[in-house]
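Take the sequence shown: its position 199, counted from the start at 1, is 197 in my numbering, and no numbers get skipped. Every residue gets a Cβ at the ideal spot worked out from N, C-alpha and C, and that includes glycine. Since the structure comes first, as structure tokens, the remarks are kept for the end.
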Amino acid sequence: MRINENFNKLRQNYLFAEVNNRVKAYEAGGKKAIRLGIGDVTLPLPQAVLDALHKATDEMGHSDTFKGYAEYEGYGFLRRAIAENDYNGRGIDIGYEEVYVSDGAKSDTANITDLFAADNAVAICDPVYPVYNDTNVLNGREIVLMPCSETNGFLPEIPDKKVDIIYLCFPNNPTGQTAPKEYLQNWVDYANKTNALLLFDSAYEAYVREEGVPRSIFELEGARTCAIEFRSFSKTAGFTGVRCAYTVIPKELTFGGFNVGQLWSRRLATKFNGVAYIIQRGAQAVYSDLGKAQIAKNIDYYMNNAKLIREALNKLGLPTYGGKNAPYIWFKSSRPSWDTFDTFLNDAGVVTTPGVGFGACGENYIRMTSFGSLENTMEAIERLASVKI
Ligand code: PLP
């Protein structure tokens, strides 16, 4: 037996471990740090979701409403609610059978690679949400990094080298950047022209506030023949610990005579037994009138935090990116990421995430998130006011 030695090629996953070590050292003196680097939500589940979870739990206790194995692709009631609310209601033509419910966008953006040959070249942004890179490194695929910086507005350019699979994520983690329609249209046209596949992660689409900013790749003409979209209830509705997400694969998406949706169904049937009925009922409640109102309130809460953080950084003379249509605020200083991290921690007791942890092009940048409580965010801002950068 030989192990998958591609594990040796992964970048050391030391980022959050190192952040924790430094925070521990700071707090050892009895001080309390405020964590504004985390990518996890803090508000509890909306009441509409909780009520649905309780009701579905009770159903499992009666023989006439008990449910066993779930359907691999998700229950019709949830697939229909997703298609109708997230797509059809916004003028996008997606059928419910093109929606595949799952336990997370993390697993989906990684597991989708089961469908692709090992000799495809994969284009990935730098900096990036690490899952796309690591999963393809483990599969032994060639990675083509696309640098994202102030120079290109954090919108990667089409690589000179021909690539077969392109991961894009907007609103972006970690930069908080969104992509204009014309920009995404270029990628769709490139993919259709060159027989490439776009993997579009829109886990943060619910944070888009400005009119005209695309929330789905399927708003673009021609995307149905070249794109797959990943979405999640994690950041939209506080499901990070509940686990429910979905992937959209248009019926006409085919490569080399293979229908991609059918392959994905086959993969689900082989390796997955579906998301729990109770959880899917909870996700369905996200689309009730009450659910929609409660979720909008939670997102407003986080986006108010984002505004406060942006303003505080600007007062320090630091220009910020993101934080307007995304929960992430990204900023640059003249010093290495870890130096700025240390200054914020040691002089203000505020924890951030060093941008270099998301890729070499993240050096000098810092990511902050709006997922803390309002009280903590306000206290952090007060503490930051006296920091010298
Ligand atoms: N995609 C991006 C860009 C993310 O930042 C995250 C979580 O941080 C995910 C996907 C993971 O989503 P899920 O919780 O549905 O696995």
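Express the C-alpha separation of residue j and residue i in angstroms, rounding to a whole number.
i           : j           : result
residue 54  : residue 142 : 45 Å
residue 321 : residue 301 : 7 Å
residue 162 : residue 117 : 9 Å
residue 343 : residue 214 : 37 Å
residue 140 : residue 357 : 16 Å
residue 103 : residue 171 : 13 Å
residue 88  : residue 212 : 11 Å
residue 345 : residue 385 : 6 Å
residue 132 : residue 292 : 35 Å
residue 68  : residue 266 : 12 Å
residue 147 : residue 381 : 29 Å
residue 475 : residue 128 : As shown, the chain starts at -1 and ends at 387. That puts residue 475 outside it, with no answer to give.
residue 107 : residue 130 : 7 Å
residue 229 : residue 202 : 8 Å
residue 389 : residue 372 : An answer regarding residue 389 cannot be provided, because it is not within the stretch -1 to 387 covered by the chain.
residue 379 : residue 307 : 7 Å
residue 58  : residue 51  : 11 Å
residue 78  : residue 94  : 5 Å
residue 60  : residue 80  : 28 Å
residue 192 : residue 150 : 23 Å
residue 84  : residue 227 : 12 Å
residue 125 : residue 63  : 47 Å
residue 388 : residue 254 : The question about residue 388 has no answer, for the chain in this structure spans -1 to 387.
residue 3   : residue 44  : 44 Å
residue 91  : residue 274 : 27 Å
residue 236 : residue 65  : 25 Å
residue 383 : residue 347 : 12 Å
residue 268 : residue 0   : 24 Å
residue 20  : residue 244 : 36 Å
residue 204 : residue 288 : 16 Å
residue 296 : residue 41  : 7 Å
residue 30  : residue 17  : 15 Å
residue 222 : residue 250 : 7 Å
Measuring CA to CA, which of the options is closest to residue i?
i           : options               : result
residue 323 : 340, 29 and 200       : 200
residue 238 : 277, 219 and 223      : 277
residue 224 : 329, 252, 296 and 82  : 252
residue 234 : 151, 137, 206 and 255 : 206
residue 180 : 188, 227 and 173      : 188
residue 326 : 175, 243, 293 and 217 : 175
residue 135 : 9, 384, 269 and 289   : 9
residue 177 : 336, 319 and 361      : 319
residue 36  : 241, 370, 192 and 80  : 370
residue 220 : 243, 210, 190 and 232 : 190
residue 34  : 173, 368 and 127      : 368
residue 47  : 290, 312 and 339      : 290
residue 6   : 119, 137 and 73       : 137
residue 365 : 274, 336 and 105      : 336
residue 242 : 21, 91 and 100        : 100
residue 183 : 151, 208 and 216      : 216
residue 330 : 247, 363 and 310      : 363
residue 375 : 332, 311 and 341      : 311
residue 75  : 90, 123, 97 and 192   : 97
residue 122 : 92, 18 and 157        : 157
residue 71  : 246, 280, 27 and 294  : 246
residue 159 : 169, 185, 186 and 119 : 119
Tell me the residue span of the beta strand (DSSP E) that contains residue i.
i           : result
residue 163 : 163 to 167
residue 198 : 195 to 199
residue 245 : 243 to 246
residue 145 : 140 to 145
residue 99  : 97 to 100
Considering only DSSP beta bridges, list what residue i is partnered with.
i           : result
residue 366 : 327
residue 226 : 197
residue 32  : 348
residue 11  : In the DSSP output, where bridge partners are listed per residue, residue 11 has none listed.
residue 256 : 253
residue 319 : 328
For residue i, is the beta carbon positioned less than 6 Å from some heavy atom of ligand 2?
i           : result
residue 124 : In terms of ligand content, the structure shown lacks ligand 2 and carries ligand 1 instead.
Assuming residue i is part of the alpha helix (DSSP H), what are its boundary residues?
i           : result
residue 124 : Residue 124 -> not in any alpha helix (DSSP H); beta strand (DSSP E) instead, spanning 119 to 124.
residue 74  : 74 to 80
residue 106 : 103 to 109
residue 173 : Premise fails: residue 173 is in no alpha helix (DSSP H) and is neither H nor E.
residue 116 : Counting along the chain, residue 116 falls outside any alpha helix (DSSP H), and DSSP gives it neither H nor E.
residue -1  : Element bounds for residue -1: n/a, residue is neither H nor E.
residue 52  : 45 to 57
residue 179 : 179 to 192
residue 311 : 287 to 313
residue 280 : 275 to 282
residue 63  : Careful: residue 63 lies outside any alpha helix (DSSP H) and carries neither H nor E.
residue 135 : 128 to 136
Worksheet item: Between the region 281 to 298 and the region 109 to 127, do three or more beta carbon pairs fall short of 8 Å?
Response: no
Discussion item. With three or more C-beta pairs closer than 8 Å as the rule, is the region 6 to 26 touching the region 341 to 360?
Written reply: yes
Discussion item. When you compare the region 164 to 179 with the region 192 to 199, are there three or more beta-carbon pairs, one atom per stretch, that lie closer than 8 Å?
Written reply: yes
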